[in-house]
Amino acid sequence: MDLDFIYQKVQVLSPKAAKIALRMLDHDPHVPTEWVMALRPALVMRSNDATGFAGTDWMTMVAIERPGIRKFTERFESREQRHARLWVTSLRQASRAALKEA
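In case it helps, the numbering used here puts the sequence shown at residues 429 to 530.
Written out as structure tokens, the structure reads:
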């Protein structure tokens, strides 16, 4: 998986999913700065129409940070939240793979 694929997936995220993904991207020290600079504008554009965060949105963000509690939070996840979580997870995996190659 490469950055182009991840960038293309931003275009299909809903505004709410993009807002969740943007929040996670901004606080992730493991994603290379160049990737953040490339992905952030697209996520900002997609998230412009998103409503504020709800309680279950915060639960999704915690599940991204602590995968061990995902079994509990998955029951409450909406489709948008799941897409955001999967996008962030794939970004992190691609980031780790790129660091190993370098």
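From the three backbone atoms N, C-alpha and C, an ideal C-beta is built for every residue, glycine too.
**OP:** Could you say which of His458, Ala446 and Val472 lies nearest to Arg507 if we only look at CA atoms?
**Re:** One-based indexing of the sequence shown puts residue 507 at position 79. Residue Ala446 is the option with its Cα nearest to Arg507.
**OP:** Kindly indicate which residue of Gln439, Arg451, Ala478 and Val440 has the alpha-carbon position closest to the one of Ile492.
**Re:** As a working mapping, residue 492 is identified with position 64 in the sequence shown. Of Gln439, Arg451, Ala478 and Val440, the residue nearest in Cα terms is Arg451.
**OP:** Return the CA-CA distance between Pro457 and Gln439, expressed in angstroms with no decimal places.
**Re:** Mapped onto the sequence shown, residue 457 falls at position 29. Mapped onto the sequence shown, residue 439 falls at position 11. Going from the Cα of Pro457 to the Cα of Gln439 covers about 23 angstroms.
**OP:** With Ile448 as the anchor, note down where its alpha helix (DSSP H) starts and where it stops.
**Re:** To locate residue 448, count along the sequence shown from 1; it is residue 20. Residues Pro443 to Asp454.
Original post:
Quick one: what does DSSP say Ala478 is sitting in, helix, strand or coil?
Top reply: The residue given as residue 478 occupies position 50 in the sequence shown. Of the three classes helix, strand and coil, the one that applies to Ala478 here is coil, per DSSP.
Original post:
In angstroms, rounded to a whole number, what distance separates the CA positions of Thr484 and Ala525?
Top reply: On the sequence shown, residue 484 is found 56 positions in, with the first residue counted as 1. On the sequence shown, residue 525 is found 97 positions in, with the first residue counted as 1. Taking the straight line from one Cα to the other gives about 30 angstroms.
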